[in-house]
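> Here's a structure for you.
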Ligand SMILES: NC(=O)c1ccc[n+]([C@@H]2O[C@H](COP(=O)([O-])OP(=O)(O)OC[C@H]3O[C@@H](n4cnc5c(N)ncnc54)[C@H](O)[C@@H]3O)[C@@H](O)[C@H]2O)c1
Ligand SMILES: [Zn+2]
């Protein structure tokens with residue numbers, strides 16, 4: 010494995026991840042990284058046919074720009090625009106992608122490129138993993154959430170009427186190109202949503218460093234976020250590129266160690282058990298990152314109750330999230346018993362207890378699989 014890392018606005022950084030047979034993803038991260046798509050396709054040995062799957066927003070803002078990187082003498086590029094958000098993660102759209110590939114005579118060496126947020130990469134990944142038992146897949150995530158999370162880690166999926174992400178696969182893209190410049194067109198609510206996920210990484214950073222080769226920088230992610238918390242986050246923030254790069258590395262290291270979530274990978278679920286329940290019970294009125302932010306505070310409160318962490322850490326986290334424009338409390342419209350019911354469906358249980366990831370000793374460290382009773386949960390919710 011080789012890894013180099015530079016800050017935002019510097020040259021594009023390439024990360025070659027090769028620690029296990031299953032996880033072989035090239036990651037290009039940095040401002041302007043999308044211009045590497047042509048050379049990335051050459052490096053992965055792509056066939057001539059390339060399908061670019063985009064969503065309405067990325068079709069407007071980025072499609073022409075990305076098409077310009079792919080010379081017609083090298084590639085036959087076709088495009089498919091899918092509906093915005095969860096509306097594209099359906100069996101119907103999966104079939105439409107398969108049919109597009111079939112009509113254009115795609116072969117196994119040809120490539121599917123996802124140009125969009127996490128909904129597009131989930132659909133495109135599932136389609137690429139299943140058509141002819143697997144085409145080349147390259148992800149060009151355009152939302153902050155997709156850059157730090159959805160595009161990394163090899164999970165793909167679509168929703169069924171019974172629930173979110175019920176059909177899917179583990180399928181690692183050949184390359185991920187995370188271009189922070191593409192975030193300039195992202196609506197502020199979506200930028201803040203990505204920030205909620207980044208706080209999760211900050212709260213697991215020391216644990217990831219302890220169990221993998223990930224190294225904490227001269228300033229921890231939490232310290233960087235604390236310095237930024239006083240002002241509104243913008244895509245042009247000079248710290249953002251470095252922060253995205255740290256989150257990607259953290260996820261790659263964790264996934265490389267535990268691709269199928271049998272141990273360490275569970276630390277990525279911090280804040281997510283309550284977060285998922287809030288998203289579902291609120292009919293997705295809270296964005297993913299907002300719901301996760303509330304979940305992070307609830308998990309930290311549980312830690313304080315269990316004397317795992319000092320109350321001051323909880324206060325520090327709450328203040329940072331509030332300054333960053335993220336919510337910290339369960340909105341009053343939610344009923345605790347319904348949320349707890351939804352949380353029990355989401356997670357492994359130990360009798361009537363739910364196993365959660367909780368902050369341990371200091372912000373940055375976590376303990377996995379802590380059994381929590383419904384009464385303890387009700388108190389913090
Ligand atoms: N596979 C995984 O490991 C994983 C992890 C986390 C989330 N997810 C999935 O990801 C999805 C959420 O990701 P998301 O928040 O990126 O959702 P999304 O794809 O719905 O994008 C959010 C919104 O931002 C818009 N957008 C995206 N990039 C833009 C840009 N550059 N400029 C302007 N608008 C832009 C989209 O049109 C959309 O309206 C969910 O479906 C979730 O299940 C998957
Ligand atoms: Zn998440």
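Residue numbers (our numbering): 10 to 390.
Positions of the beta carbon are idealized from the N, C-alpha and C atoms, including for glycine.
(1) Could you tell me the boundaries of the alpha helix (DSSP H) in which residue 184 lies?
(2) So if DSSP puts residue 150 in a beta bridge, which residue, or which two residues, is it bridged to?
(3) Who sits around ligand 3, taking every residue whose Cβ is closer than 6 Å to one of its heavy atoms?
(4) Can you find the residues in the same chain that come closer than 8 Å, C-beta to C-beta, to residue 180, ignoring five residues on each side of it along the sequence?
(5) Please check the pair residue 128 and residue 97, which I expect to be a contact at CB under 8 Å, by giving their CB distance rounded to whole angstroms.
(6) Any idea which residues DSSP pairs residue 56 with across the strands?
(7) Examine the Cβ distances between the segment 195-204 and the segment 345-362 and report whether three or more of them are shorter than 8 Å.
(8) Check whether the Cβ atoms of residue 36 and residue 185 sit closer than 7 Å, and answer yes or no.
(9) By how many angstroms is the C-alpha of residue 207 removed from the C-alpha of residue 383?
(10) What does the Cβ neighbour count give for residue 82, buried or exposed, with the cut at 16 atoms within 10 Å?
(11) With a Cβ-Cβ cutoff of 7 Å, do residue 125 and residue 52 count as a contact?
(12) If distances are taken between C-alpha atoms only, which option among 332, 310, 315 comes closest to residue 322?
(13) Here's the rule: buried if 16 or more other CB atoms are within 10 angstroms of the residue's CB, otherwise exposed. What is residue 390?
(14) Based on the DSSP output, what are the partners of residue 230 in its beta bridges?
(15) When you compare the segment 217-224 with the segment 252-271, are there three or more beta-carbon pairs, one atom per stretch, that lie closer than 8 Å?
(16) Could you round the C-beta distance between residue 298 and residue 203 to whole angstroms and report it? I think they count as a contact, below 8 Å.
(17) Could you name the residues of the same chain whose beta carbon sits closer than 6 Å to that of residue 68, not counting the 5 residues immediately before and after it, in chain order?
(18) How would you call residue 151, buried or exposed, if buried means at least 16 neighbouring beta carbons within 10 angstroms?
(19) DSSP three-state label for residue 338, please.
(20) Unbroken alpha helix (DSSP H) runs of length 4 or more, entirely within the segment 197-263: which are they?
(21) Helix, strand or coil: how does DSSP classify residue 333 here?
(22) Have a look at residue 386 and residue 40 and give me their C-alpha separation to the nearest angstrom.
(23) Do residue 41 and ligand 1 come close, with the Cβ less than 6 Å from some heavy atom?
(24) Taking residue 379 as part of the beta strand (DSSP E), name the residues at either end of that continuous run.
(25) Give the DSSP-derived three-state secondary structure of residue 62 in the structure shown.
(26) Please indicate yes or no: does the CB of residue 154 lie closer than 6 Å to some heavy atom of ligand 1?
(27) Output needed for residue 379: all residues of its chain with C-beta closer than 6 Å, excluding positions within five of it in sequence on either side, in chain order.
(28) According to DSSP, simplified to helix, strand and coil, what is residue 172?
(29) Looking at residue 182 and residue 148, is the spacing between their C-beta atoms short of 7 Å?
(30) Give me the residue from 341, 71, 84 with the minimum Cα distance to residue 49.
(31) Using only alpha-carbon positions, find the residue among 253, 33, 172, 116 that is nearest to residue 100.
(32) What does DSSP give as the partner residues of residue 165 in its beta bridges?
(33) Going straight from the alpha carbon of residue 175 to that of residue 169, what length do you get?
(34) Inspect the beta-carbon positions of residue 87 and residue 105 and report whether they are closer than 7 Å.
(35) My guess is that residue 287 and residue 217 are in contact by the Cβ rule of under 8 Å, so how many angstroms apart are they, rounded?
(36) Comparing alpha-carbon positions, which option in 244, 94, 278 lies nearest residue 211?
A quick look at the data gives this:
(1) Unbroken run through residue 184 is the beta strand (DSSP E), 184-187; no alpha helix (DSSP H).
(2) 125.
(3) With respect to small molecules bound, the structure shown includes ligand 1 and ligand 2 and not ligand 3.
(4) In chain order, 134, 135, 137, 138, 143, 146, 163, 165 place their CB closer than 8 Å to the CB of residue 180, counting only its own chain and leaving out the 5 sequence neighbours on each side.
(5) Indeed, because the Cβ distance is near 5 Å, the residues count as touching under 8 Å.
(6) Residue 56 pairs with nothing; no bridge assigned.
(7) At 8 Å Cβ cutoff, the stretches do not touch.
(8) yes
(9) Near 28 Å, if we compare the C-alpha coordinates of residue 207 and residue 383.
(10) exposed
(11) Against a cut-off of 7 Å, the Cβ pair of residue 52 and residue 125 comes out as no contact.
(12) The candidate whose alpha carbon is nearest that of residue 322 is 310.
(13) So residue 390 counts as buried.
(14) Paired residues: none, contrary to the question.
(15) yes
(16) The Cβ separation is near 6 Å, so the contact holds.
(17) Once the five neighbours on either side are set aside, the close Cβ partners of residue 68 are 90.
(18) Burial check for residue 151: the Cβ neighbour count within 10 Å reaches 16 or more, so the residue is buried.
(19) coil
(20) 197-220, 230-237
(21) coil
(22) 42 Å
(23) no
(24) 371-381
(25) strand
(26) yes
(27) 365, 367
(28) In the three-state reduction of the DSSP assignment, residue 172 falls in the strand class, which pools E and B.
(29) yes
(30) 84
(31) The shortest C-alpha separation from residue 100 is found at 172.
(32) 178
(33) Between the alpha carbons of residue 175 and residue 169 lies a gap of roughly 6 Å.
(34) no
(35) With 8 Å as the limit, residue 287 and residue 217 do not qualify as a contact, their Cβ atoms being about 25 Å apart.
(36) 278
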